[in-house]
Amino acid sequence: MNLTLRIWRQQGPDTPGEMTEYRVSGISADMSFLEMLDTLNEELILRGERPVAFDHDCREGICGACGMVINGQAHGPERTTTCQLHMRHFNDGDTVDVEPWRAGAFPVVRDLVVDRSALDRIIGSGGYVTAPTGSAPEAHATPVPKEAADLAFEHAECIGCGACVAACPNGSAMLFTAAKVVHLNVLPQGAPERASRVRNMVETMDEEGFGGCTNTGECATACPKGIPLTGIARLNREFLRS
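For the sequence shown, position 91 matches number 1315 in this note's numbering, and the numbering has no gaps at all.
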C-alpha cells in the first residue's frame, strides 16, 4: 500500500506550523496507524530529517496516550484509539491528513504532541476519594446496588485520551469531566464528597479554558470507550444538586 501523508509539523509551542507532505510506500494492511508512522520516521531518520513527534505508550488501546486527528476525525475513521486503528481501513493511493488535537486547552508541544495536563488538573481538583481506605475491603463490606455499579463501571472506562475535546466544535471537556464525576458520585465511597467534587471539577474545567457544552454529541461519537452522552446530563444534575 502506498500513501500520501499530509502531517502537521511544528518545531515548538511558540513557532508557526504547517502541513508537510510525505509519501510512504510498502505499508502493510495489518500495520497499526502508529506502526505506519514508525515506518515514516525510520525513512526520515535515514535521510537525516527530523522524525514526526507523536504521543504513544501501551499501544493496546488502554492508556489513552496516543491521539491525533486523522482526516478530520479524532482517532480516525474507526471508533477506537489511534494505536488500534489498522491500515486496512485505508486504500492504496489515499491522501491522509494527520493533525494534533485542536483545542485551546491543548497547546501544541511539537508536531502531533499536545499538552493535555489540563485534564490531569481537572482530576486533581476532585476526582478521587480522600478518606484513607487501608487494605482492600471484603467484597460485600459495602453494599452497592447493581444499577449503580454498572453505571460506575461504564463511566470509569474513560481513559482520558482527549478525543471528546478534539471532536467537540466548542473544545468542551464535559464528557471527560462527567465520566470522572459520575463514576465516583454514584458509589457509596464517593458520597461524602459528592457536592464538593462536582463543583471543584467543573470550576477547574472552566478555568482551564475548555469551551461550553451545546450537546452536539460529537464527543460521545468520537469516544473510543463509548462513554454515553447521558453522562453529561448526569453531571449537570449533580452540579445543580450541589
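For every residue, glycine included, the Cβ atom is placed at its ideal position computed from N, Cα and C.
query	result
Whole-number beta carbon distance between Cys-1385 and Pro-1448, since they are thought to touch under 8 Å	7 Å
Start-to-end residues for the alpha helix (DSSP H) that takes in Leu-1268	1257–1270
Under the three-state DSSP convention, the category Glu-1284 falls into	coil
Leu-1399 vs Ile-1451 beta-carbon contact at 7 Å	yes
Contacting residues, own chain, Cβ-Cβ under 7 Å from His-1280 (five flanking each side not counted)	Leu-1258, Ala-1289, Cys-1290 and Cys-1307
Check whether Asp-1316 and Met-1425 have beta carbons under 7 Å apart	no
Contact under 7 Å by Cβ, Ile-1346 with Thr-1401	yes
DSSP beta-bridge partners of Leu-1459	In the DSSP output, where bridge partners are listed per residue, Leu-1459 has none listed.
Chain-order list of residues whose beta-carbon lies under 7 Å from that of Ala-1403 (same chain, five-residue window excluded)	His-1379, Cys-1382, Ile-1451 and Gly-1455
Assigned exposure category for Ala-1253 - 16 Cβ within 10 Å defines buried	exposed
Cβ separation of Glu-1417 and Thr-1354, assumed to be a contact under 8 Å, to the nearest whole Å	7 Å
Coil, strand or helix - Glu-1411 by DSSP	At residue 1411 the sequence reads Leu, which differs from the Glu that was named. Here Leu-1411 sits in coil by DSSP.
Any non-hydrogen atom of the ligand MG within 6 Å of His-1379 CB	Absence of the ligand MG is noted for the structure shown, with no ligands found whatsoever.
Option nearest Trp-1232 by Cα separation, candidates His-1313, Val-1337 and Met-1255	Val-1337
Own chain partners of Thr-1438 with C-beta closer than 7 Å, once the 5 adjacent residues on each side are dropped	Asn-1394
Cut-off 8 Å between Cβ atoms - residues of its own chain near Ala-1329, not counting five sequence neighbours on either side	Ala-1342, Val-1389, Gly-1395, Ala-1397, Glu-1432, Gly-1433 and Phe-1434
Buried or exposed (CB count within 10 angstroms, at least 16 for buried), Phe-1314	buried
Identity of the residues DSSP links to Met-1243 by a beta bridge	Trp-1232
Distance between beta carbons of Thr-1428 and Ser-1349, contact taken as under 8 Å	4 Å
Continuous alpha helix (DSSP H) stretch holding Phe-1430: start and end	Sequence inspection shows Asp at residue 1430; the Phe mentioned does not correspond to that position. It spans 1418–1431 - the alpha helix (DSSP H) in which Asp-1430 sits, taken as one unbroken run.
Own chain residues within Cβ distance below 8 Å of Ala-1446, not counting five before or after	Gln-1297, Ala-1298, His-1299, Arg-1303, Ala-1387, Cys-1388, Ala-1390 and Ala-1391
Residue interval of the alpha helix (DSSP H) (run including Thr-1354)	Looking at the DSSP string, Thr-1354 is not in any alpha helix (DSSP H), and its letter there is neither H nor E.
Simplified DSSP state of Arg-1334, which is helix, strand or coil	strand
Status (buried if at least 16 other CB within 10 Å, exposed otherwise) for Asp-1339	exposed
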